[in-house]
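So for the sequence shown, the working numbering puts the first residue at 662; every next one is plus one.
Just so you know, even glycine gets a beta-carbon here, dropped at the ideal spot from N, CA and C.
Before any comments, here is the structure.
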Amino acid sequence: MIKHIPENIIEYCNDHSEQDNDLLIELKDFTQKNEEIPQMLCGSQVGSFLQMLIRSIDARKILELGMFTGYSALKMAYACSKSSEIHTCEIMDKHISTAQSFFSRSEVGNKIIIYPGPALSSIEQMEINSFDFAFIDADKNNYLEYYKRCRLLIKSKGIIVLDNMLWSGEVLNPKDQESKVLKKTASFIKGDDMMYSMLIPIRDGLMVCIKK
Numbered sequence: 662m663i664k665h666i667p668e669n670i671i672e673y674c675n676d677h678s679e680q681d682n683d684l685l686i687e688l689k690d691f692t693q694k695n696e697e698i699p700q701m702l703c704g705s706q707v708g709s710f711l712q713m714l715i716r717s718i719d720a721r722k723i724l725e726l727g728m729f730t731g732y733s734a735l736k737m738a739y740a741c742s743k744s745s746e747i748h749t750c751e752i753m754d755k756h757i758s759t760a761q762s763f764f765s766r767s768e769v770g771n772k773i774i775i776y777p778g779p780a781l782s783s784i785e786q787m788e789i790n791s792f793d794f795a796f797i798d799a800d801k802n803n804y805l806e807y808y809k810r811c812r813l814l815i816k817s818k819g820i821i822v823l824d825n826m827l828w829s830g831e832v833l834n835p836k837d838q839e840s841k842v843l844k845k846t847a848s849f850i851k852g853d854d855m856m857y858s859m860l861i862p863i864r865d866g867l868m869v870c871i872k873k
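Here you go:
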């Protein structure tokens with residue numbers, strides 16, 4: 662993660678933002694202690710930003726690619742109405758099991774529908790123009806394909822958010838495959854006439870796209 666802002670300033674911002682409830686805090690702590698790469702969890706700052714976007718458009722049907730241990734899905738579930746649905750894709754059985762154990766303890770867990778297996782296979786079966794919001798945070802090598810499909814799944818005025826679009830700054834001089842794909846994805850989005858877009862340096866970079 663690129664640290665443009667001093668840690669104490671980030672803490673101040675978090676302290677003056679909506680706080681996670683006890684279950685979300687427990688899920689973050691569990692992930693930190695039990696996962697080899699706990700930083701895959703989007704974190705409270707990104708999670709709260711997703712909540713603000715969801716509330717701003719009253720998103721009722723939400724798509725997530727890359728559930729991990731379920732923090733972001735649960736965070737989004739708390740932000741949307743009782744009749745809303747969150748359709749989330751995850752390939753790792755271990756992560757699905759962890760997420761389900763926390764979803765079952767939440768009053769909003771029944772909003773979340775999990776699609777096991779490769780995300781590309783799952784989203785190919787989903788209905789065009791049926792989602793209000795999408796959060797892409799799965800494997801980086803497929804980011805461009807995820808975006809191209811999500812732009813069709815999202816309704817007009819809907820929002821797509823892509824995480825890790827700065828990739829710790831590696832996109833400035835991409836050498837590894839992930840960095841090259843992320844830079845290619847950013848360039849594609851910049852030239853996409855279907856979207857209004859902005860790359861924001863929150864945490865590891867959030868690309869926010871609004872469908873025209």
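- Unbroken alpha helix (DSSP H) runs of no fewer than 4 residues, entirely contained in the stretch 731-810, are found at 732-740, 754-764, 780-785, following chain order.
- For the pair residue 761 and residue 702, the Cα-to-Cα distance works out to about 16 Å.
- Nearest C-alpha to residue 795 among 860, 722, 835, 844: 722.
- Looking at the DSSP output, residue 872 bridges to 856.
- If the five residues before and after residue 855 are omitted, its C-beta is found closer than 8 Å to the C-beta atoms of 812, 872, 873, all from its own chain and listed in chain order.
- The beta carbon of residue 783 sits closer than 7 Å to those of 750, 776, all from its chain and outside the five residues before and after it, given in chain order.
- In its chain, beyond the 5 residues on either side, 828, 831, 832 have a beta carbon closer than 7 Å to the beta carbon of residue 840.
- The residue from 737, 717, 846 with its alpha-carbon nearest to that of residue 705 is 737.
- Counting C-beta pairs with one atom in each stretch, the stretch 728-743 and the stretch 751-771 have three or more that are closer than 8 Å, which means they touch.
- The continuous beta strand (DSSP E) containing residue 823 extends over residues 815-823.
- Here the alpha carbon of residue 818 sits roughly 8 Å from the alpha carbon of residue 793.
- For residue 688, the three-state secondary structure derived from DSSP is helix.
- Going by DSSP, residue 697 is part of no alpha helix (DSSP H) at all; its letter is neither H nor E.
- The alpha-carbon of residue 804 is positioned some 11 Å away from that of residue 780.
- In this structure residue 718 is not in contact with residue 821, their Cβ atoms being roughly 12 Å apart against a cut-off of 8 Å.
- Distance from the CA of residue 690 to the CA of residue 835, rounded to the nearest whole angstrom, comes to 32 Å.
- Going by DSSP, residue 850 is part of the alpha helix (DSSP H) stretching over 838-851.
- Under the 10 Å beta carbon count, residue 859 is surrounded by fewer than 16 other beta carbons and is classified as exposed.
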